[in-house]
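J.: Quick one: structure below, then a few questions.
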DNA sequence: CTCCCGCTTCGAGCGCGCTCGAAGTCAAGG
DNA sequence: CCTTGACTTCGAGCGCGCTCGAAGCGGGAG
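Protein chains in written order, with the UniProt record's numbering: chain A, 1 to 135; chain B, 1 to 135.
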C-alpha cells in the first residue's frame, strides 16, 4: 500500500496519487473514477506518468470531492458535466453560479420533503411501539 | 374529470376510485400504481368492480401514501415488498417495526450527510458571489 | 530474463424503478 | 347498433449510474 504509493510518487517527488489511492480517498472505486473522467465530469483530464498511468493532484482530489458532494445531493451526471464544461472553458461564472443556486434550492426542497416524510414515519413507529407496549 | 369520477363512483355509492383518480391523488401514474400492485407493494390486491376495474378505497390510498413516503425517503422496492408481506400475513409486528426503525436511522444518517454537503455547496456559492461582487 | 502487479482501454452488462405500447374488454351515450 | 373512452393484462424497453471482465502494457523485484 505504502509501497504502491511510492511506486508512482517516488517518480515525481511525492506529487500525484495512483487511481486506486485517489479512489479510496474519495470513497469511490478506480472504475468509477475513470468513468467520471471519460464522461467529462472532470475539469481536465488527469495528468499521466511517463508510463501512461493517471496521477491525481491535490487539486484533482478537491474537484472530485466536490463532484461526490454534488452526486450525493442528487445532481445528475449530465448536469455535473455541464458545470465541468463551463469551468473547463473558463469564465461563465454567472452560469456556474446559476447551476449551483438551482441545485441548492432543489436540495433544500427535497430535504424539507424528506423531513416531512420522516415525521410521518416517526409517527408510524410510535403507533407500533404503543401497540406492542399494550400487550 | 368530475364525469370520470362519477363513472365508477356512481356504481358503488361513492366508495372506490378508479386507478387514474387514485394515481392523481397519490402523485403517481396509473401505470405505476398497477406496477406497485403487481410487484406486491400493496397489502392486498385492490378490489375490483363487476367489470374488473380496480376500485381504490380510502384505506388503499392511505397505504399507498405510506408507500410513497417510504419510496421518497429511499426505501428500495424490495424492502417495501417485504414490509407489505409481513403486514399481509398479519402479526410480525416486531419485524415490521424493525424495518421501520432501520429505515429511519438510514434516513437520518443520509439527511445529516446531505446537510453537510449542502453546507459545502453554500460555501462554494459564497465564494462565487464574492468573486463576482469583486468585479 | 522472467514474473507479477497495477495500471491501461474498450465495450458489454446489470440493477433499479419505472414507463410505455399493443391488444382486448366493458359500460354508457348518441 | 356503434362509437367512445377508461379500463384491463402482458411484456418489452428505457434512462441512469455505475460495474465488470477481457486483453494488453510497463516497470520493478527475484
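Ideal Cβ placement from N, Cα and C applies to all residues, glycine included. In this text the structure is predicted, and so the values were computed from the model without any measurement.
Do residue 107(B) and residue 73(B) have their beta-carbon atoms positioned less than 9 angstroms apart in this structure?
T.: The residue you call residue 73(B) lines up with position 73 of the second chain. The residue you call residue 107(B) lines up with position 107 of the second chain. For residue 73(B) and residue 107(B), yes; Cβs fall inside 9 angstroms.
J.: Hey, residue 27(B) and residue 68(B) are a contact pair by Cβ (cut 8 angstroms); roughly how many whole angstroms apart?
T.: Taking the second chain and counting its residues from 1, one reaches residue 27(B) at position 27. Taking the second chain and counting its residues from 1, one reaches residue 68(B) at position 68. The Cβ separation is near 7 angstroms, so the contact holds.
J.: Pick helix, strand or coil for residue 48(A), following the three-state DSSP scheme.
T.: Taking the first residue of the first chain as 1, we reach residue 48(A) at position 48. The answer is strand: DSSP assigns residue 48(A) an E or B state.
J.: Find the residues of chain A that neighbour residue 15(B), judging by a C-beta separation of less than 8 angstroms, and give them in chain order.
T.: Reading the second chain from its first residue, position 15 is the one you call residue 15(B). Those within 8 angstroms of residue 15(B) in chain A number zero; the least Cβ separation is about 25 angstroms.
J.: Should residue 11(B) be flagged as near chain A, meaning a C-beta pair shorter than 9 angstroms?
T.: Position 11 of the second chain, counted from the start, is the residue given in the question as residue 11(B). Reliability fails at residue 11(B), whose pLDDT of 41 lies under 50, so the model's placement of it is uncertain and the value that follows must be treated cautiously. No, no contact with chain A.
J.: DSSP three-state label for residue 54(B), please.
T.: The sequence position of residue 54(B) within the second chain is 54, counting from 1. Residue state, collapsed to three classes: strand.
J.: Output, in sequence order along the chain, the residues in the region 101-124 of chain B whose CB is closer than 9 angstroms to any CB in chain A.
T.: Result list: 101, 103, 104, 107, 108, 110, 111, 113, 114, 115, 116, 117, 118, 120, 121, 122 and 124.
J.: In the DSSP assignment, what residue or residues form a beta bridge with residue 42(A)?
T.: Against the first chain, residue 42(A) aligns to sequence position 42. Residue 42(A) pairs with nothing; no bridge assigned.
J.: Would DSSP call residue 28(A) helix, strand or coil?
T.: Position 28 of the first chain, counted from the first residue, corresponds to residue 28(A). Residue state, collapsed to three classes: coil.
J.: Applying the 10 Å Cβ sphere with the 16-neighbour rule, what's the burial state of residue 51(A)?
T.: For the purposes of this step, residue 51(A) is taken as residue 51 along the first chain, with counting starting at 1. Classification for residue 51(A): exposed.
J.: Is any beta-carbon of chain A found at less than 9 angstroms from that of residue 73(B)?
T.: Residue mapping note: residue 73(B) aligns to position 73 of the second chain, counting from 1. Closer than 9 angstroms: yes.
J.: Tell me whether the beta-carbon of residue 128(A) lies closer than 9 angstroms to the beta-carbon of residue 21(B).
T.: Position 128 of the first chain, counted from the first residue, corresponds to residue 128(A). Position 21 of the second chain, counted from the first residue, corresponds to residue 21(B). Cβ atoms of residue 128(A) and residue 21(B): not closer than 9 angstroms.
J.: So which residues of chain A does residue 132(B) contact, with C-beta pairs closer than 8 angstroms?
T.: Counting from one through the second chain, the residue named residue 132(B) turns up at place 132. The answer, in chain order, is 93, 94 and 97.
J.: Measuring straight from C-alpha to C-alpha, what distance separates residue 61(A) and residue 132(B)?
T.: Stepping through the first chain from its first residue, residue 61(A) is reached at position 61. Stepping through the second chain from its first residue, residue 132(B) is reached at position 132. Computed Cα separation, rounded: 25 angstroms.
J.: Thinking C-alpha only, which one of 77(A), 58(A), 49(A) and 57(A) is nearest residue 32(A)?
T.: For this step, residue 32(A) is matched to residue 32 along the first chain. Closest option to residue 32(A), Cα to Cα, is 77(A).
J.: I want to know whether the region 37-46 of chain B touches the region 77-90 of chain B - three or more CB-CB distances under 8 angstroms.
T.: With the cut-off at 8 angstroms, the region 37-46 of chain B and the region 77-90 of chain B touch.
J.: In angstroms, rounded to a whole number, what distance separates the CA positions of residue 96(A) and residue 102(A)?
T.: Within the first chain, numbered from 1, the residue matching residue 96(A) stands at position 96. Within the first chain, numbered from 1, the residue matching residue 102(A) stands at position 102. In a straight line, the C-alpha of residue 96(A) is about 10 angstroms away from that of residue 102(A).
J.: Given that residue 128(A) touches chain B, what residues does it touch there, using C-beta distances under 8 angstroms?
T.: In the first chain, residue 128(A) corresponds to position 128, counting from 1. Within 8 angstroms Cβ-Cβ: 93, 96, 97 and 100.
J.: From the DSSP output, read off the bridge partner residues of residue 17(B).
T.: Taking the first residue of the second chain as position 1, residue 17(B) is located at position 17. Beta-bridge pairing links residue 17(B) to 56(B).
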